[in-house]
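Taking it in order: structure first as structure tokens, then the write-up.
Residue numbers (the numbering used here), protein chains in the order written: chain A, -19 to 416; chain B, -19 to 416.
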């Protein structure tokens, strides 16, 4: 059973804080192992990657078999059914259309002092995308990572996807192809992250690595951060549904379960202003749970981390929601836009009862890589912005330097940075002599 | 003497790679110490912070003395000269004007399927800014960190600035006041970072921490990352100047020295298409070095990490520059805009001979917190974007769900996420029954 809370209960605040701080994930300490793998790949390159692939993925490869050839990719893609291909194409088109609107704009202007200022955005030259193998090998995640990179203009996009025992997911390859991925390597784990970051004879190094992975992959990403850029380190998935009584309890139950089925550490929370409705949802969850193939996982998540919170008003729901700062937030209420305006911290908001969060996972358009573990307080989901960087621009005329240079000299002096000041002074002196 | 390279030399590529990979900083391993300090502050709050402040800053405080009172701030600010105050005000105004143009825009649209999509930006609620004490206590850095946060709309901005032996830098307090900082605490080190991240009785926790610091501060920021957001971990400063022969060697020498004087680990590189001009700059550096108060620091940086590279053409200069991906790039050439267009990776570009990098450090307008250590390949300088986050929005109508829902069902099925699919199926079924 999930926890039932009511803001009118005496112990509410304490119980809510407990819910907020529940430690849902035990990260095994693999840092030392990962450090060894990275050092090995840096020292021995391909050779180390191939040995580790044989060991962990039970797959013997030669260096020239690491990458899928275009012919291999086509052969696997041909195994995908027409229905699945169409669905992936629709998803790719919608994700691309959404992300194309995110491209940031350059700017340039000349101000009163005569200084021309501005900035310019350029894409990361090369990016690497980690795709997990096995059960969590999701073609939708390939689209969600690769399309923003390609929309940003990343010239070279490489994917690593382990194929344990040689088992390949054709949908992952098709998603990569639809997204315009340039290179696909059948390697995984910390060794794949190390190869992308430092390069080997076969794999050229990249500048940025994104994508989900297990504890080894996460530890490797943390370690190579600085040498390359990385995206966030994602925690287990979460959903918060705010629903009034005018909802179908079964729909809300399925939305809660669609997070719970991801992972035993996932968290699903319902906030409602009607206690009886909350009870109906709880019953609907139990009923649906019995029918799910993944009922062991979903049931454990719901039992250990699920919650149904009854509030006095939707305003109160918004306040609690901001304290949770959920990754996914569904607003199943009569006026979802009005409620949405009261929310400050959320990765993604799904408005109204016809927008189940699963739509956002696949075909809505917005990215499904979103900030977990309350980090929506300070970070955003994956976007085109993760694959571009800004160069600021400044150009002074002699007149502009005269106007603002003396202030720079003064501040350099106050910070005891003499050469800073002199670099301005020498120019101003020369300008003054020229005028004299 | 710095290293002299020429792209026509046989060993150039090897020597250039050596320059690129030079390890300029030995990070002392303080991680264990820092972990202990953070745990102590989490466990004992104010009490731990006060003890550590007494120990490291030789300053005995009570909890209610941790924050500067408004009266204290005013008293210190009154010590600042009119000239310095005016210079700080000019800097603050220009930095604010530049950053106000960075505010990102919300978007919302309805597509062909009838889905209303978009996103919304909101500020981080509370941010903390670490300001170093002692020699590296720069009021300009206070402006560069605090103004983007306030432009973004951060509601609560707290500064921590250690005051070893009780010595206060009035300019830091004035910069904080001009930037609109809300709270100023006279604490520093890992204990200040821990207090900002986890909160104490006196200091409420923040959501994001930015600002430079020593090895202890950097290690603490790495450790609290995840609990709060952080900005980059900055390395030692760098400048690359590309200059043709029509420049005053003395000006260029001063620009190179204005990085070198920061730190023995700083790096200054000149690329020129005229070997004789490079020689003149080298001589001018030696001459100026003799006159600098910080000649020991600047001289060590120039000797150990400085370089003068002669190239065949400015195109070749641009290519080398992108391989360096410099933090600061000065283009002192006849047509700096044309050369700038050939550059992809740089934190900030200063165009033309009247734009010494020092202008950018203080009064130009763009931020001086910039990506170091080749990270301009994948990251940007500090900006308003570091203090906002995006919430994506999606709203389906029944018609939109009918149009794109089946593709979501198909993909959920192919990923074996049954509840995901059912959350769409249940709604579509109900819509179809309603129509029947």
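Glycine included, each C-beta is placed from N, C-alpha and C at the ideal position.
Taking the alpha carbon of residue i as the point to measure from, which residue in the options has its own alpha carbon closest?
{"i": "residue 367 of chain B", "options": "B:158, B:82, B:72 and B:204", "result": "B:82"}
{"i": "residue 233 of chain B", "options": "B:69, B:192 and B:278", "result": "B:278"}
{"i": "residue 193 of chain B", "options": "B:212, B:178 and B:289", "result": "B:212"}
{"i": "residue 312 of chain A", "options": "A:43, A:103, A:58 and A:227", "result": "A:227"}
{"i": "residue 68 of chain A", "options": "A:373, A:191, A:110 and A:156", "result": "A:156"}
{"i": "residue 216 of chain B", "options": "B:416, B:-17 and B:350", "result": "B:350"}
{"i": "residue 197 of chain A", "options": "A:267, A:112 and A:253", "result": "A:112"}
{"i": "residue 5 of chain B", "options": "B:-15, B:98, B:73 and B:195", "result": "B:195"}
{"i": "residue 410 of chain B", "options": "A:412, A:333 and A:295", "result": "A:333"}
{"i": "residue 13 of chain B", "options": "B:296, B:-9 and B:200", "result": "B:200"}
{"i": "residue 121 of chain B", "options": "B:142, B:147, B:152 and B:144", "result": "B:152"}
Between the C-alpha atoms of residue i and residue j, what's the straight-line distance to the nearest angstrom?
{"i": "residue 35 of chain A", "j": "residue 257 of chain B", "result": "57 Å"}
{"i": "residue 27 of chain A", "j": "residue 214 of chain A", "result": "30 Å"}
{"i": "residue 159 of chain A", "j": "residue 402 of chain A", "result": "52 Å"}
{"i": "residue 369 of chain B", "j": "residue 188 of chain A", "result": "20 Å"}
{"i": "residue -4 of chain A", "j": "residue 284 of chain A", "result": "14 Å"}
{"i": "residue 221 of chain A", "j": "residue 176 of chain A", "result": "38 Å"}
{"i": "residue 61 of chain B", "j": "residue -11 of chain B", "result": "53 Å"}
{"i": "residue 249 of chain A", "j": "residue 287 of chain A", "result": "5 Å"}
{"i": "residue 235 of chain A", "j": "residue 2 of chain A", "result": "21 Å"}
{"i": "residue 378 of chain A", "j": "residue 364 of chain B", "result": "29 Å"}
{"i": "residue 9 of chain B", "j": "residue 183 of chain B", "result": "28 Å"}
{"i": "residue 317 of chain A", "j": "residue 331 of chain A", "result": "7 Å"}
{"i": "residue 321 of chain A", "j": "residue 292 of chain A", "result": "19 Å"}
{"i": "residue 246 of chain B", "j": "residue 276 of chain B", "result": "13 Å"}
{"i": "residue 399 of chain A", "j": "residue 97 of chain B", "result": "52 Å"}
{"i": "residue 29 of chain A", "j": "residue 179 of chain A", "result": "11 Å"}
{"i": "residue 229 of chain A", "j": "residue 290 of chain A", "result": "15 Å"}
{"i": "residue 173 of chain B", "j": "residue 149 of chain A", "result": "45 Å"}
{"i": "residue 254 of chain B", "j": "residue 237 of chain B", "result": "20 Å"}
{"i": "residue 127 of chain A", "j": "residue 56 of chain B", "result": "53 Å"}
{"i": "residue 264 of chain B", "j": "residue 270 of chain B", "result": "10 Å"}
{"i": "residue 63 of chain B", "j": "residue 390 of chain A", "result": "7 Å"}
{"i": "residue 339 of chain B", "j": "residue 244 of chain B", "result": "22 Å"}
{"i": "residue 0 of chain B", "j": "residue 206 of chain A", "result": "15 Å"}
{"i": "residue 295 of chain B", "j": "residue 315 of chain B", "result": "12 Å"}
{"i": "residue 31 of chain A", "j": "residue 209 of chain A", "result": "26 Å"}
{"i": "residue 33 of chain A", "j": "residue 167 of chain A", "result": "6 Å"}
{"i": "residue 92 of chain A", "j": "residue 190 of chain B", "result": "31 Å"}
Suppose the cutoff is 6 Å on Cβ atoms and the five residues either side in sequence are ignored; what does the same chain contact list for residue i look like?
{"i": "residue 95 of chain B", "result": "376 and 380"}
{"i": "residue 305 of chain A", "result": "325, 354, 356 and 357"}
{"i": "residue 308 of chain B", "result": "219, 328 and 337"}
{"i": "residue 223 of chain B", "result": "232, 252 and 312"}
{"i": "residue 181 of chain B", "result": "25 and 26"}
{"i": "residue 74 of chain B", "result": "343 and 345"}
{"i": "residue 169 of chain A", "result": "36 and 196"}
{"i": "residue 162 of chain A", "result": "136 and 137"}
Identify, in the order they occur along the chain, each residue of the same chain with its Cβ nearer than 7 Å to the Cβ of residue i, setting aside the five sequence neighbours on each side.
{"i": "residue 124 of chain B", "result": "75, 347, 348, 349 and 362"}
{"i": "residue 202 of chain A", "result": "213"}
{"i": "residue 78 of chain A", "result": "345 and 346"}
Taking 7 Å as the cut-off, is the beta-carbon of residue i closer than that to any non-hydrogen atom of the ligand ZN?
{"i": "residue 267 of chain B", "result": "Judged by which ligands are present, the structure shown has none, so any question about the ligand ZN falls away."}
Return the chain-ordered list of same chain residues with a C-beta closer than 8 Å to the C-beta of residue i, the five sequence neighbours on each side being excluded.
{"i": "residue 86 of chain B", "result": "98, 99, 100 and 101"}
{"i": "residue 417 of chain A", "result": "For chain A, the structure presents residues -19 to 416; residue 417 of chain A sits outside this window and is missing."}
Below 8 Å between beta carbons is the criterion; list the residues of the region 223 to 244 of chain A that meet it against any residue of chain B, in chain order. 228, 230, 231, 234, 235, 237, 238, 240, 241 and 242
Residues from the region 372 to 390 of chain B in contact with chain A, defined by Cβ distance under 8 Å: 372, 373, 374, 375, 376, 377, 378, 380, 381, 384, 385, 386, 387, 388 and 390
Please list the residues of the region 329 to 352 of chain B that have a C-beta atom closer than 9 Å to any C-beta atom in chain A, keeping them in chain order. 329, 330, 331, 332, 333, 334, 335, 336, 337, 338, 339, 340, 341, 342, 343, 344, 345, 346, 347, 350 and 351
Could you please tell me which residues of the region 396 to 414 of chain A, in chain order, have their CB closer than 9 Å to any CB of chain B? 396, 397, 398, 399, 400, 401, 402, 403, 404, 405, 406, 407, 410 and 411
Using a Cβ-Cβ cutoff of 9 Å, what residues of the region 68 to 89 of chain A are near chain B? List them in chain order. 68, 69, 70, 71, 74, 77, 78, 81, 82, 84, 87 and 89
Which residues, in order along the region 110 to 125 of chain A, keep a beta-carbon less than 8 Å from a beta-carbon of chain B? 115, 118, 119 and 120
For the region 383 to 397 of chain B and the region 102 to 115 of chain B, state whether three or more C-beta atom pairs, one from each stretch, are separated by less than 8 Å. no
Counting Cβ pairs closer than 8 Å, one from the region 127 to 137 of chain A and one from the region 40 to 48 of chain A, do we hit at least three? no
Chain-ordered residues of the region 353 to 366 of chain B with a beta carbon less than 8 Å from chain A: 353, 355, 356, 357, 358, 359, 360, 361, 363 and 365
Taking Cβ-Cβ distances below 7 Å as the criterion, which residues of the region 179 to 196 of chain A are in contact with chain B? 187 and 188
Give the residues from the region 24 to 51 of chain B that approach chain A closer than 8 Å (Cβ to any Cβ), ordered along the chain. none
Going along the chain, which residues of the region 258 to 286 of chain B sit with their C-beta nearer than 8 Å to a C-beta in chain A? 268, 272, 273, 274 and 278
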